[in-house]
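Chains as they are written, first to last, in my numbering: chain P, 624 to 1359; chain A, -5 to 349. We put the CB at the ideal spot given by N, CA and C, even for glycine. Since the model is a prediction, treat every value here as computed from it, not as a measurement. Taking it in order: structure first as structure tokens, then the write-up.
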Amino acid sequence: MTIAPTSLTEVAPAGGPGSVAFHRTRILRLPRSPKVIAGLVIMGLFGVVAVIGRWAAPYSPNATDEKNWVQHVLVAGTGPGTPFPANYYPLPLPPSAAHWLGTTVFAQDALSQVLASTQATLFVGLLAAAIATVLSVLFGVTAGYVGGGTDEGLSLVANVFLAIPGLPLLIVLADYVPSAGSSILLVGAIIAVTTWAYSARTLRAQTLSLRNRDFVEAARVSGEGRLRIIMVEVLPNLVPIVAASFLFTTLAAIGAYVAIAFLGLAGSPTSYPPGLWNWGEMLREGFANNAVRGGWWWWWAPPGIAVALLGTGLALLNFGIDEFINPRLRSAGLSRKAARKAGISASSRLGLTPVARSVWDAPSPASKVAHASAADPVLEIRGLCVDYGVGDDAVHAVMDCDLVLRRGQVLGLAGESGSGKTTLALSAIRLLRPPGVITAGQVLFHSKPISGDGPTGTIDLLAAGQRQLREVRWSEIAVVLQSALDSLNPVITIGAQFDDLLRVHRPHLSHDERWNRAGELLEMVGMNADRLRSYAHELSGGMRQRAMIAMAIALEPQVIILDEPTTALDVVTQREILEELIGLRDRIGFATLFITHDLSLLVELADEIAVMYAGRLMERAPAASLFHAPRLPYTHGLLHCFPPLHGARVAMEGIPGSPPDLRDLPSGCAFHPRCRWAMQRCSEERPQLAQLNGSDREVACWLHAGDAVVPAELAQPDPASRRPERMDAATRVSEL
Amino acid sequence: MNGTAPVESTTHTAAVLEGRELTKSFWVKRGRGPLARKARVHAVESVTVRLDAGKVTALVGESGAGKTTIARMLANIIKPDTGEVLLDGVPAPKGRPKSYAAKVQMVFQDPFASLNPVHRVRHQLVRPLEIHHIADGHVEQAAEELLRRVALEPAAHYLRKFPYELSGGQRQRVSIARALAVRPRVLLADEPVSMLDVSIRLGVLNLLADLRDREHLAILYVTHDIASARYLADTIIVMYAGQLVEAAPSVSLTDHAAHPYTQLLLSAAPDPDRGEAPKLAGRGGPPSLLAPPSGCRFHPRCPYAMDICKRQVPPSFAVSSGHIAACWLHADSAQRGADENGLFRPVADHSAKTQ
Ligand SMILES: Nc1ncnc2c1ncn2[C@@H]1O[C@H](COP(=O)(O)OP(=O)(O)OP(=O)(O)O)[C@@H](O)[C@H]1O
Ligand code: SF4
Ligand code: SF4
Ligand SMILES: [Mg+2]
Chain P
624 MTIAPTSLTE VAPAGGPGSV AFHRTRILRL PRSPKVIAGL VIMGLFGVVA
674 VIGRWAAPYS PNATDEKNWV QHVLVAGTGP GTPFPANYYP LPLPPSAAHW
724 LGTTVFAQDA LSQVLASTQA TLFVGLLAAA IATVLSVLFG VTAGYVGGGT
774 DEGLSLVANV FLAIPGLPLL IVLADYVPSA GSSILLVGAI IAVTTWAYSA
824 RTLRAQTLSL RNRDFVEAAR VSGEGRLRII MVEVLPNLVP IVAASFLFTT
874 LAAIGAYVAI AFLGLAGSPT SYPPGLWNWG EMLREGFANN AVRGGWWWWW
924 APPGIAVALL GTGLALLNFG IDEFINPRLR SAGLSRKAAR KAGISASSRL
974 GLTPVARSVW DAPSPASKVA HASAADPVLE IRGLCVDYGV GDDAVHAVMD
1024 CDLVLRRGQV LGLAGESGSG KTTLALSAIR LLRPPGVITA GQVLFHSKPI
1074 SGDGPTGTID LLAAGQRQLR EVRWSEIAVV LQSALDSLNP VITIGAQFDD
1124 LLRVHRPHLS HDERWNRAGE LLEMVGMNAD RLRSYAHELS GGMRQRAMIA
1174 MAIALEPQVI ILDEPTTALD VVTQREILEE LIGLRDRIGF ATLFITHDLS
1224 LLVELADEIA VMYAGRLMER APAASLFHAP RLPYTHGLLH CFPPLHGARV
1274 AMEGIPGSPP DLRDLPSGCA FHPRCRWAMQ RCSEERPQLA QLNGSDREVA
1324 CWLHAGDAVV PAELAQPDPA SRRPERMDAA TRVSEL
Chain A
-5 MNGTAPVEST THTAAVLEGR ELTKSFWVKR GRGPLARKAR VHAVESVTVR
45 LDAGKVTALV GESGAGKTTI ARMLANIIKP DTGEVLLDGV PAPKGRPKSY
95 AAKVQMVFQD PFASLNPVHR VRHQLVRPLE IHHIADGHVE QAAEELLRRV
145 ALEPAAHYLR KFPYELSGGQ RQRVSIARAL AVRPRVLLAD EPVSMLDVSI
195 RLGVLNLLAD LRDREHLAIL YVTHDIASAR YLADTIIVMY AGQLVEAAPS
245 VSLTDHAAHP YTQLLLSAAP DPDRGEAPKL AGRGGPPSLL APPSGCRFHP
295 RCPYAMDICK RQVPPSFAVS SGHIAACWLH ADSAQRGADE NGLFRPVADH
345 SAKTQ
């Protein structure tokens, strides 16, 4: 055994200030969103009113002042000149300086009532939510964590409560419990009993999924006790969900309290024992005294608006929590304002990556690539820049990338996760979702359709409109992504998906012809035609990926983009699929952009390989040259990350450190902190991708510029120079 | 069981941890509702694994081969249906007592899932120390020392971090440090590098090699990547559909693969040095474990399948010293004994090319 203890010396640089900042922003993100701020302000106001409202109110909510404030209207047909004694009825007064919200029919100050009512209403809401949350956490977490019979029993109880309609139960309970009218504690408890089950179910499901997570298993393996696992490992992860369900229950409880008070079941301030003022009670009195028909909006509208406003506040806070739980929501979509500021075209519809307006105005960049005009290019990417987000927060995921895919060629794009491979490929065909924005560049598609009636000639995909893109996508440029399950439609059969595709793009085919064609396609990728009747979930991962490839070649496209098509698969399946893919390429003649992190695989598969690091292309060379004679230190390092399958076992180093954070890129050459051969210049100036003296390869490294001494490892003789420049497909495959 | 007794190991020391003839099946529901039928997944069938101090044993196989299930049985998280787990020759206790946890620890596949996202690194390291009353009174220093052992420095700085502030490789180092906290003698590493970036995998593998050499840990390295197993491990065990198919010292196994399935794995593995196109030895996917094929589970895919393969489970035959293969092709070579060096070569043996 010859493995030396090496790793102990290659200390990865401490996460650095960047990652600390990231943590802070994540915590601070919650109150920063305008929605959450609005929600907090609303809830804060209600909170203040709940605490001091009763004392801040200008009048007592019960005080009536009939003599001075209520207009008395003479009932028609009574009073002087009639046989009946004068009969007056009171009218509430509309808002005035003395009574900002007017008065009720009993000459009570409406504003004071609203202010005084807030306390009881909020109190019942919070109390009920607190009780319900405790109940749901107890039931949900216990059921979810313990599982088995306990789970079934507890779930049954919860389901019974869920099945009982809440409000009727509430009414019955409130009616039967004698002192309910006066005791808001009891009202709160009754509401809690009718609302806890829903959250309990959510929490059970969440706990169930947490229970099998590796970190819980790890705690178990370390000998941690069950109770502590629940309290310390599981519960903190449920906090956002508990908070969300607390807010939701508060809202539901307030709604329920208003409803039963409106029905007169929550005790009235005028009954015995007297209840407390609350919004439901105000509404009840208003409605009982014709406030709506009388047009006395100042009486019934304020409590109604208060309920609505409180609901809005809680919903906004809930939204903030959702965003916090699910970070993807946070960045979903660019705000209109931010987009306009960045000059991004308005057409940021789904499936159409937005392009900054400056891209169109800029003069088309002169081709920096010497070989671009050579050997029949089909897809030419020039100076492509892609950001995530706009303005100061933007992350530059792809910077100034030039790439040429030639007809019939396999171009490999290698790099570690986060280096921008997928972003590059998806944005080139405008499939990248917002917040991805293309900020510069050109993507020229030189179309010569293999079959069908696709467009001919050169199209700039970044300037193309929706219709033009639709013509090209899938029929001329197809994409296969890593997760085929996400790309296949789960609710219809594989056959139906082929049928849809062929019906749109090959309208002259009859139904039977389409079905037969689909069967042929499946057989081309090594699947049985019977599988047309299967649903995606009935297929194994390898079969799904095959079906996706069959769909990609269905319209005989000129270009297929494969993003880690086999990464999730076993080596044997991977090898079979790759063999089939190469066979198909030779038959149909499409060009392939093959994206993977597995450089060792590409060396066997690709004609040409481009290596990406931290958003930039750093080296591009024919596959054999790149493998046998890398010129870039990073490529050299990457090639030495794959232990060989034969020969003597020797200690290997890998590359020290870890890939950089795109938000905080090292200066100069982004690889310099990890580079064995870094020089002074490397941290100061960024090397440009440049052709290497006359050969068909490019590298971005200072070692190959000026009079730097090239280390022997990076100066191996280039095997490509001894071979014909480009082999035709047939010889290449037989050599593979 | 029909003779799966392992060949006498070449080492004379007793195994630290041994799983003997482990068999495990799971019951899964087919369909929905109360009428759902239950079906049995034969996840692991009579597999024997032994881990020695100061050695790395690799468990190689495709997904669903039962590798994780074996690691979980060895960690005493789940119980085998039949067979037993022996720690220092003593059967593993019932339940999950701390004494077992103190000797056998596990590192999980996904470093993003195996550290609790709401707790700092400090918590993740200090808890095991507290549970096992290790370093009472100076847990802080002990935690820093652990981070130093996995080459995360400055240690005090990393203690304050939350998992999401660390890179994948750093996290995996933290979870290795956590496993080391209780001073275990056995480390079960379930695909510890498969979720990591290519450029940092070797760092973690070298760390494991270092722990083996310097601290004499017995390590189980579960992986689907046979090249990394060859790099790190002393012994490789290949599994297929829940059965052990071949076990040997790692170079012997990769250079002279004796089982057709191992040969298939090797022919499919990416290998830039390969001069010519790999000829896949056999096609198709692994079988359903609900109704695994009779006899040798590999027989529907095996290019050399014989009649007996469908009828009888092949026992492990010695093909050379310390090299066993569960394949009927080696039946006569086992009888011939080790004098001819035992290796059976079918006509189109792939392993002949790899030399
Ligand atoms: N708790 C479980 N319930 C039902 N089936 C299970 C369970 N755990 C594992 N299995 C099944 O047992 C078989 C072996 O699983 P295991 O996870 O051990 O495979 P593996 O080799 O580790 O695969 P991978 O490389 O994908 O992790 C699989 O068919 C799996 O579906
Ligand atoms: S430019 Fe400098 S730091 Fe970058 S790869 Fe070349 S030598 Fe290394
Ligand atoms: S036992 Fe038979 S089927 Fe199984 S691997 Fe050997 S030859 Fe093939
Ligand atoms: Mg596994």
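Looking at the structure shown, is Y298/A part of a helix, part of a strand, or coil, going by DSSP? Taking the second sequence and counting its residues from 1, the one referred to as residue 298/A is at position 304. Coil, per DSSP.
For C321/A versus H210/A, is the C-beta spacing smaller than 8 Å? Looking up residue 321/A in the second sequence gives position 327. Looking up residue 210/A in the second sequence gives position 216. Going by C-beta atoms, C321/A is not nearer than 8 Å to H210/A.
Specify the secondary structure class of C1008/P as computed by DSSP and reduced to three states. Against the first sequence, residue 1008/P aligns to sequence position 385. Reduced to three states, the DSSP call for C1008/P is strand.
Are there 16 or more other CB atoms within 10 angstroms of the CB of I1218/P, so buried, or fewer, so exposed? Within the first sequence, residue 1218/P is the residue found at index 595, counting from 1. Buried, by the Cβ-count rule.
How far does the beta strand (DSSP E) with Q237/A in it reach, from first residue to last? Within the second sequence, residue 237/A is the residue found at index 243, counting from 1. Element bounds for Q237/A: 237 to 243.
Beta strand (DSSP E) segments (min. 3 residues) lying fully within the region 1224 to 1292 of chain P: 1231 to 1236, 1239 to 1245
Hey, Q742/P and N685/P are a contact pair by Cβ (cut 8 Å); roughly how many whole angstroms apart? Residue mapping note: residue 742/P aligns to position 119 of the first sequence, counting from 1. Residue mapping note: residue 685/P aligns to position 62 of the first sequence, counting from 1. Not quite, the Cβ-Cβ distance comes to about 15 Å (not below 8 Å), so this is no contact.
What are the boundary residues of the alpha helix (DSSP H) that includes T873/P? Counted from its first residue, the first sequence places residue 873/P at position 250. 858 to 885 is the span of the alpha helix (DSSP H), which, as asked, contains T873/P.
The alpha helix (DSSP H) that contains D1135/P, what's its start and end? The residue you call residue 1135/P lines up with position 512 of the first sequence. Here the alpha helix (DSSP H) through D1135/P covers 1134 to 1147.
Exposure of T1435/P, with buried meaning 16 or more beta-carbon neighbours within 10 Å: The question about residue 1435/P has no answer, for chain P in this structure spans 624 to 1359.
N- and C-terminal bounds of the beta strand (DSSP E) containing D1083/P: For the purposes of this step, residue 1083/P is taken as the residue at position 460 of the first sequence. Segment 1080 to 1083, the beta strand (DSSP E) holding D1083/P.
Sorry if obvious, but does the Cβ on C1298/P come closer than 7 Å to a heavy atom of ligand 2? Locating residue 1298/P in the first sequence gives position 675, counting from the first residue. C1298/P Cβ: within cutoff of ligand 2.
Same chain only: Cβ atoms within 7 Å of Q1032/P, ignoring 5 sequence neighbours per side: By 1-based counting over the first sequence, the position of residue 1032/P is 409. Answer for Q1032/P: A1214, D1230, E1231, listed in chain order.
Taking P1334/P as the reference, which of D1319/P, C1292/P, A979/P, R1299/P has the closest Cα? Start at 1 with the first residue of the first sequence, and residue 1334/P comes out as number 711. Ranking D1319/P, C1292/P, A979/P, R1299/P by Cα distance to P1334/P puts R1299/P first.
Using a C-beta to C-beta distance shorter than 9 Å, which residues of chain P count as neighbours of R350/A? With chain A represented from -5 up to 349, any question about residue 350/A goes unanswered, as that position is not in the structure.
Segment contact, 8 Å Cβ cut-off, at least three pairs: the region 151 to 170 of chain A with the region 1173 to 1186 of chain P: no
Sequence-distant residues of the same chain with beta carbon closer than 6 Å to V1066/P, five excluded per side: Start at 1 with the first residue of the first sequence, and residue 1066/P comes out as number 443. For V1066/P, where only same-chain residues beyond five positions count, the Cβ hits under 6 Å are I1004, A1051, L1084, L1085.
Where in the region 156 to 186 of chain A do unbroken runs of the alpha helix (DSSP H), each at least 4 residues long, occur, reported from the N-terminal end onward? 162 to 174
Span separating the alpha-carbon of L1360/P from that of L808/P: Because chain P is modelled from 624 through 1359, residue 1360/P falls outside the range shown and cannot be assessed.
Chain A within 8 Å of M1174/P, Cβ atoms only: Taking the first sequence and counting its residues from 1, the one referred to as residue 1174/P is at position 551. Not an interface residue.
How about the region 1322 to 1332 of chain P and the region 1275 to 1282 of chain P: do they share at least three Cβ pairs that are nearer than 8 Å? no
So which residues of chain P does V176/A contact, with C-beta pairs closer than 7 Å? Counting from one through the second sequence, the residue named residue 176/A turns up at place 182. By Cβ distance, chain P contributes S845.
Is P681/P helix, strand or coil when you go by DSSP? The residue labelled residue 681/P in the question sits at position 58 within the first sequence. It is coil, neither helix nor strand.
With a cut-off of 5 Å, give the chain-ordered residues whose Cβ is closer than this to any heavy atom of ligand 3. P254/A, C290/A, F292/A, H293/A, C296/A, Y298/A, A299/A, C303/A, P308/A, C321/A, W322/A, L323/A
Give the straight-line distance between the Cα atoms of A59/A and R305/A, rounded to the nearest whole angstrom. On the second sequence, position 65 is the one that residue 59/A refers to. On the second sequence, position 311 is the one that residue 305/A refers to. About 21 Å.
Excluding the 5 residues preceding and the 5 following D1010/P in the sequence, name in chain order all residues of the same chain whose CB lies nearer than 6 Å to its CB. Within the first sequence, numbered from 1, the residue matching residue 1010/P stands at position 387. So the qualifying residues of the chain are A1017, H1019, V1060, T1062.
Note down, in chain order, every chain P residue with its Cβ under 8 Å from the Cβ of Q99/A. Residue numbering aside, residue 99/A sits at position 105 when the second sequence is read from its first letter. What Q99/A touches in chain P: V844, S845.
Distance cut-off 7 Å: L1360/P Cβ against heavy atoms of ligand 2: In this structure chain P extends from 624 to 1359, so residue 1360/P is not present and cannot be described.
With a threshold of 8 Å between beta-carbons, can F292/A be considered close to chain P, or not? Position 298 of the second sequence, counted from the first residue, corresponds to residue 292/A. No, because no Cβ of chain P sits closer than 8 Å to the Cβ of F292/A.
For E12/A, collect the residues of the same chain with a Cβ closer than 6 Å to its Cβ; drop the 5 residues on either side in sequence, then sort them by chain order. If you number the second sequence from 1, residue 12/A lands on position 18. So the qualifying residues of the chain are R44, L80.
Is the CB-CB distance between L182/A and L226/A below 8 Å? Walking along the second sequence from the start, residue 182/A turns up at place 188. Walking along the second sequence from the start, residue 226/A turns up at place 232. Cβ atoms of L182/A and L226/A: not closer than 8 Å.
Residues from the region 46 to 78 of chain A in contact with chain P, defined by Cβ distance under 8 Å: E56, S57, A69, I71
Judging by CA-CA distance, which residue of H1134/P, L1255/P, L1162/P, D1122/P is the nearest neighbour of Q1311/P? On the first sequence, position 688 is the one that residue 1311/P refers to. Among H1134/P, L1255/P, L1162/P, D1122/P, the Cα nearest to that of Q1311/P is on L1255/P.
Counting only C-beta atoms, is T1046/P closer than 8 Å to chain A at any point? Start at 1 with the first residue of the first sequence, and residue 1046/P comes out as number 423. Chain A contact via Cβ: absent.
P178/A: CB within 7 Å of a non-hydrogen atom of ligand 2: One-based indexing of the second sequence puts residue 178/A at position 184. No, the Cβ of P178/A stays beyond 7 Å of every heavy atom of ligand 2.
Three-way DSSP call (helix, strand, coil) for M100/A in this model: Numbered from 1 along the second sequence, position 106 holds the residue referred to as residue 100/A. Strand at M100/A.
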